[in-house]
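Participant:
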Amino acid sequence: MSETEFSDPAAVQKALANARYLADEPLSVAVFLALDLETPLLLEGEPGVGKTETAKALAEITGARLIRLQCHEGIDAHSALYDWDYPKQLLAVRASESSQPSPDLFSREYLLRRPLLEALEHDGPVVLLIDEIDRADDEFEAFLLELLSDFQVTIPELGTIEASRRPIVVLTSNRTRELHDALKRRCLYQWIDYPSATREAEIVRARLPGVAEEIAQRVCTAVARLRASELYKAPGVGESIAWAQALGALGDGNLDRALGAALKVREDIDRVRETGVLEGV
Amino acid sequence: MSNVGLRLAELVAEMRALGARPGTGELVRAESALASIEPSRRDQARLALRTTLCSSRADLEAFDHAFARWALVGADSPSPPELDPIMTAVLPRVAIPAGERPAAPLELDADVRPAPWADTEMLRHKDFAEYSSQERKLAQLLLERIARRGPRRMSRRTTSTQRRSHRLDSRGTLRASLRHAGEPMERRWRQRTEGQRPLVLVLDISGSMEPYSRMLLQYAQACVAARRRCEAFAFGTRLTRITTELAGRDPDRALERASTAVADWSAGTRIGAALSELNREHGRRIGRGAVVCVLSDGWDRGDPEDLAREVARLGRCARHLVWLNPLKATPGFEPLTRGMVAALPHVDTFMAGNSIASLEELANLMEAGTTTPKARRR
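From first to last, the protein sequence lines are chains A and X.
Residue numbering for the first sequence follows the working numbering, beginning at 1 and increasing consecutively.
Residue numbering for the second sequence follows the working numbering, beginning at 1 and increasing consecutively.
#1: Compare the beta carbon distance of ILE168(A) and ILE161(A) with 8 angstroms and say whether it is the shorter of the two.
#2: Is the beta carbon of ASP24(A) less than 8 angstroms from the beta carbon of GLU38(X)?
#3: Just to confirm the assignment: which complete alpha helix (DSSP H) runs, minimum length 4, are found wholly within the region 178 to 203 of chain A?
#4: Report the three-state DSSP secondary structure of THR176(A) (helix, strand or coil).
#5: Closer than 8 angstroms, CB to CB, is ARG93(X) near chain A or not?
#6: Alpha carbon to alpha carbon, how far is ALA258(X) from ALA20(X)?
#7: Could you tell me the distance, in whole angstroms, from the CA atom of GLU31(X) to the CA atom of ASN3(X)?
#8: Below 7 angstroms on C-beta distance, what does PRO184(X) contact in chain A?
#9: Using a cut-off of 7 angstroms between C-beta atoms, extract the partners of ALA33(X) located in chain A.
#10: Give the single residue among ALA222(A), ILE192(A), PRO235(A), TRP243(A) whose Cα lies nearest to the Cα of LEU208(A).
#11: For THR158(X), write down the residues that DSSP places opposite it in a beta bridge.
#12: Less than 8 angstroms between C-beta atoms, sequence neighbours within five positions excluded: which residues of the same chain meet that for GLN218(X)?
#13: Hey, is GLU274(A)'s beta-carbon within less than 8 angstroms of any beta-carbon in chain C?
#14: Using the DSSP secondary-structure output, state which residues sit across from PHE143(A) in a beta bridge.
#15: So LYS184(A) contacts chain X; which residues on that side make the cut at Cβ distance below 8 angstroms?
#16: What are the boundary residues of the alpha helix (DSSP H) that includes ILE130(A)?
#17: Take every Cβ of the region 121 to 139 of chain A, pair it with every Cβ of the region 61 to 78 of chain A, and state whether three or more of those distances are shorter than 8 angstroms.
#18: Please report the distance separating the alpha-carbon of ASP119(X) from that of GLY353(X).
#19: Can you tell me which residues form a DSSP beta bridge with ASP204(X)?
#20: Just checking: is the beta-carbon of PHE6(A) within a distance shorter than 8 angstroms of some beta-carbon in chain X?
#21: Name the residue from GLN89(A), VAL170(A), ASP85(A) whose alpha carbon lies nearest to the alpha carbon of ALA64(A).
#22: If you measure beta-carbon to beta-carbon, which residues of the region 158 to 182 of chain A are closer than 9 angstroms to chain X?
#23: Give me the Cβ distance between THR51(X) and ALA30(A), rounded to the nearest whole Å; I'm assuming they're in contact under 8 angstroms.
#24: Please list, in chain order, the chain A residues whose beta carbon lies closer than 7 angstroms to that of GLN44(X).
#25: Smallest Cα separation from SER160(X): which of ARG149(X), ALA176(X), ARG145(X), ARG152(X)?
#26: Just verifying my parser: in three-state terms, what is the DSSP assignment at ALA20(X)?
#27: Leaving out the 5 sequence neighbours to the left and right, which residues in its chain are closer than 7 angstroms to GLU202(A) when beta-carbon positions are compared?
#28: Between GLU360(X) and the rest of its own chain, which residues show a CB-CB distance below 7 angstroms, the 5 nearest in sequence each way excluded?
#29: Per DSSP, what kind of secondary structure is VAL322(X) in: helix, strand or coil?
#30: For VAL202(X) and ALA232(X), what's the separation of their Cα atoms in angstroms?
#31: Identify the residues that DSSP records as bridge partners of TYR82(A): which are they?
#32: By the 9 angstroms beta-carbon criterion, what residues does the region 246 to 269 of chain X contribute toward chain A?
#33: Do you know offhand how far ALA75(X)'s Cα is from ARG7(X)'s?
#34: Where ALA142(A) and ASP181(A) are concerned, what is the direct C-alpha to C-alpha distance, given to the nearest angstrom?
#35: Return the CA-CA distance between ARG188(X) and THR176(A), expressed in angstroms with no decimal places.
#36: Can you find at least 3 beta carbon pairs, one from the region 39 to 59 of chain A and one from the region 209 to 219 of chain A, that sit closer than 8 angstroms?
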């Protein structure tokens, strides 16, 4: 476990707030349990509700090193766990003449550590963020099972490597596909929703200390309206922060001029302007 | 396991009755989670149970209902029989529902025997609307075969290959060099593999499609069962995602589940509104280079302008947008319905989809995959 122990969910919530991450109660309970039971935490939610930020804040409050594995289609053990340093191996073979005993090519000396192995072997506390796991394919999900249940991995040439200390594992998913039950069973599950307008304004102010309260309030009211109207892509918390930042930079408080910070689909922008969703904010 | 464990097993049983599927592992974890929560904090205990017992968003609702009922019952229920607590926890999962299976299988066995070639050939070109229920069962095998054929795409995974390519296989080359005292004499190569491209089926189940919807749903079921990345939706006046219902090995049960899930069988059609919901609610499920097939006759009671806008959006997100209209097979067919006129400019391929043969054509198109989409629209 990390050096920092938390006695209850409220303590976690407070520490996260100090790290400028405002978690609601369900999330702080989930984070507390993930720390206390040393269980991986699976976060799902719409894009931009702060899933990745949770992991970053978690690393900050536990004083752990954040190791991030960004998943993509076709990710495999060699880009996630380990690979062998082939050029070095080839040179080593060439260097040792046939008379001498050949070097052990598949020893740690020639091993390249990728994020997962790095997380298992790191000395200090680690938060391992496996980001957007839904982008990876089922084979990779299956490959993660050993890591998530026993915190160990098997490298055929070396044997099984166990974690010196259990990393805190956070997985995030945007739900572009349903994850396998076997993976979910190994994790605590938490769905993160959009925050309420008042809460979101608090988040914006926590993230952007320089922004006027009035601007944060207006941006979050506007974003709440946008989310309630029929859009292809509703803005996330990240967009609210960017929007408030843009307004701060423009200095005139004209929401519409910086609309591009919140909406990224042309039809959505047209629709919002036509229907006057933002009037009177 | 203690008293707490038994009480939790009751909660888990309630959740299972509501369709969630927490296992014994979750139960054990929930117990240890409760142990680390301050006993006086009831709200936190509830949240702790929620995060340990749920494993998807759908479970959350089941949990809330189950918890409400479970909390009401309280601890004064009669003491449970002297069973091993673990057994008690596991029992609801292994219980076999009694008298569920209808007497049909016997008859089905006789039906699904491979048909003579002539029969199959006849069936291939027969319009779905003229199928008898026996022919529907026969067609199941053909559908399953077609469903295995679908769009493919290059994966980022690689595999070793005999042929020279532009990717060196360093691992293979090194291993081969060991045979020649470390002299890399033969080079090995890798090439990218092919994987399945996601497929999205959007079925019109309104009244006008009734003669076809049963068979097309059967096709969708076969696709969902055979492919890894396949999503199925059904719409009449509103859109229902039926992928989960269609998954599973038993086609009859899957179709039954899907029919129950869809609330508006054979009602009116609002294609524009349905596609709008598809674009907005499920946009990310259909993104990433999917082939999207809309199976509809284009009879639409909504605003054609809405329809055109949503089809255009769908076409831009999809790798390839196919529209299957069973009426297209009718001699002298002209796409004159308002909906069809609005949709066609944004569709990549317009096909019939009224018979096995036409679904084979669809499979051919998807498998060929060489079409360069979007060129026409730019």
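In this text, a Cβ means the ideal position worked out from N, Cα and C, and glycines have one as well.
All values reported here derive from a predicted model rather than from experimental measurement.
Facilitator: In this structure, then:
#1: no
#2: no
#3: 181 to 185
#4: coil
#5: Unreliable placement is indicated for ARG93(X), whose pLDDT of 44 sits below 50; no coordinate value is reported for it.
#6: 18 angstroms
#7: In this structure, the CA atom of GLU31(X) is about 10 angstroms from the CA atom of ASN3(X).
#8: LEU90
#9: LEU33, LEU37
#10: TRP243(A)
#11: THR158(X) has ARG192(X) as its beta-bridge partners, per DSSP.
#12: ARG136, ALA139, GLN140, LEU143, PRO251, LEU255
#13: Absent from the structure: chain C. Protein chains present are A and X.
#14: DSSP lists no partner for PHE143(A).
#15: SER55, SER56
#16: Taken as a continuous stretch (DSSP letters only), ILE130(A) belongs to no alpha helix (DSSP H), being part of the beta strand (DSSP E) at 126 to 131.
#17: At 8 angstroms Cβ cutoff, the stretches touch.
#18: 20 angstroms
#19: PHE235(X)
#20: No, its Cβ sits nowhere closer than 8 angstroms to a Cβ of chain X.
#21: VAL170(A)
#22: ASN174, ARG175, THR176, ARG177, GLU178, LEU179, ASP181
#23: 4 angstroms
#24: PRO9, VAL29
#25: ALA176(X)
#26: Shown here, ALA20(X) sits in coil according to DSSP, grouped into three states, outside any helix or strand.
#27: LEU22
#28: Within the same chain, Cβ atoms closer than 7 angstroms to the Cβ of GLU360(X) are found at ILE146, the five residues on either side in sequence being excluded.
#29: strand
#30: 6 angstroms
#31: ARG113(A)
#32: none
#33: Model confidence at ALA75(X) stands at a pLDDT of 49, short of 50, so the residue's coordinates are unreliable and nothing is read from them.
#34: 11 angstroms
#35: 37 angstroms
#36: Two segments are said to touch when three or more pairs of C-beta atoms, one from each, lie closer than 8 angstroms; by this definition the region 39 to 59 of chain A does not touch the region 209 to 219 of chain A.
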